[in-house]
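Working notes for the structure below.
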Amino acid sequence: MAPSVTDSPTITVVTCLRDEGPYLVDWVAHLLTLGVGRILAYTNDCSDGTEALLDALAPAGVIHVAQGACRDSPGPTPQWRALRAAWDHPAVAGAEWLLHLDVDEWIALTGPTTLADLIAACGRAQAIALPWRLFGCDGRFAPGEGPVPARFTRAAPEAMAYPALGAFFKTLFRRDGPWSGFGIHRPLQTAPPRFADETGHLDDALARSPKRILLWRGGKPAPGRLVQLNHYSIRSIHEFLVKRRRGLPNHTDKEIDLTYWVERNFNATRCRAIEPHLPAMAARAAELRALDGVAEREAACRAAQARALDEVLATPEGAALCGRLVLAAGSVAPEPRLGRHLVALQRAAVAGRQP
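First residue of the sequence shown? That's 22 in our numbering, and the numbers climb one at a time after it.
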């Protein structure tokens, strides 16, 4: 029997953080308004005050695991080590549903109003795909004021054939499903689960392909979409420069450079899917900032971000990249037929054969 929205399933979000303090309060507030009960946050080499801010957010259900606590856990990168340690944490072991998110990923429900509603709409599913939608810089040079979803409203087309990362997804999944642990995009499965796509329909290809991390539509939107994951991976030019200085938590050997920017800076259309959620988020964020120490520590994180930007722009490399980002004003998704050809070409090259 499908779960009822009145069942209020317990939901834990696991995240890995490094210098994300300026975005943390609004992001936590948004998740709480959607029905998330616990946020398990692992930190790694923070220098902007993120750890102190997480500690101040503890009364709201944020559990901070300080850097170094899982440094000796197995895994090739800090993020993988944290995810492997998280699997046995009480906040994960005791939850009914789990989700691994980064702070630049925001859930936009398009029909359901809470995650409990989404779970109910997906019936017997043990896993639900939350598809990325890439949001660009929206012409912003400096950060400006306000929460991320209010500042950046221009995005890629609803479905893109190329680049393929525009079709990546994250996974909301039942803890008691056929899993052996977290993955970056989907849990590590031990058997094919009942896997729903973003429309709520079970997708056999997703279930039987344990390494599949994209919803391949070939440039065709999915009618009846219930959810998307707004991915603000670049934000403004200034914020991107600070992100580059910080590095990536999973691909520690991957450069955050002009290529990274061009593959994500899509501003083709105005997307307002998340706007109905913003008033509740703002009210909850105000409550969080009223907690002891939260507002002060958030302000300290913002000041640290400003100092980091000054340091980047004082280097010839940082100043040059800043100018190049201005020149690369926005990326244009190729029309679907060409996009499908480019994806096929890339896959064939990786496989060592002609398309």
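C-beta: ideal position from N, C-alpha, C; glycine also.
Closest in C-alpha terms to residue 218, from the list 236, 294, 370, comes 236.
When secondary structure is reduced to three states using DSSP, residue 362 falls in the helix class. Around the beta-carbon of residue 80, fewer than 16 other beta-carbon atoms lie within 10 Å, marking it exposed.
Taking a contact to require three or more Cβ pairs closer than 8 Å, the stretch 189 to 202 and the stretch 210 to 228 qualify as touching. Between residue 333 and residue 279 the beta-carbon gap is near 15 Å, outside 8 Å, which marks them as no contact. Scanning its chain for C-beta atoms nearer than 8 Å, with the 5 sequence neighbours on each side dropped, one finds around residue 73 the residues 314, 318, 321, in chain order. For residue 108, there is no enclosing alpha helix (DSSP H), as DSSP marks it with neither H nor E. Residue nearest to residue 34 within the set 306, 187, 145, 104 is 104 (criterion: CA-CA distance).
When the alpha-carbon of residue 153 is set against those of 191, 61, 293, 337, the nearest one is in 191. Note: residue 35 is bridge-paired with 61, 121 in the DSSP secondary-structure output. Nearest neighbour of residue 115 by Cα position, chosen from 135, 30, 49, 155, turns out to be 30. For residue 30, no beta strand (DSSP E) run applies, since DSSP gives it neither H nor E. DSSP places residue 172 in the helix class (H, G or I) of the three-state scheme.
Counting only runs of 4+ residues, the alpha helix (DSSP H) found wholly inside the stretch 213 to 259 occupies 225 to 229, in chain order. Between the beta-carbon of residue 86 and that of residue 45 there is about 15 Å, and that puts the pair past the 8 Å contact cut. The shortest C-alpha to C-alpha distance from residue 221 to any of 157, 148, 252, 54 is the one to 148. Comparing C-alpha distances from residue 133 to each of 229, 207, 56 shows the shortest one belongs to 56.
In this structure, residue 233 sits away from residue 180, with a CB-CB distance that is not shorter than 8 Å. When C-alpha distances from residue 88 are compared across 95, 100, 76, 64, the shortest belongs to 64. Inclusion of residue 127 and residue 253 in the CB contact set at 8 Å is warranted, their separation being smaller than that value.
CA-to-CA, the gap between residue 292 and residue 305 works out to about 23 Å. Distances from the alpha-carbon of residue 216 to those of 76, 151, 300, 307 put 151 closest. Between the stretch 155 to 170 and the stretch 281 to 300 there are three or more C-beta pairs closer than 8 Å, enough to call the two in contact.
The C-beta distance from residue 75 to residue 146 rounds to 31 Å, too long to meet the 8 Å contact threshold. For residue 130, the enclosing beta strand (DSSP E) has its first and last residue at 126 to 130. Straight through space, the alpha carbons of residue 227 and residue 241 are spaced by roughly 18 Å.
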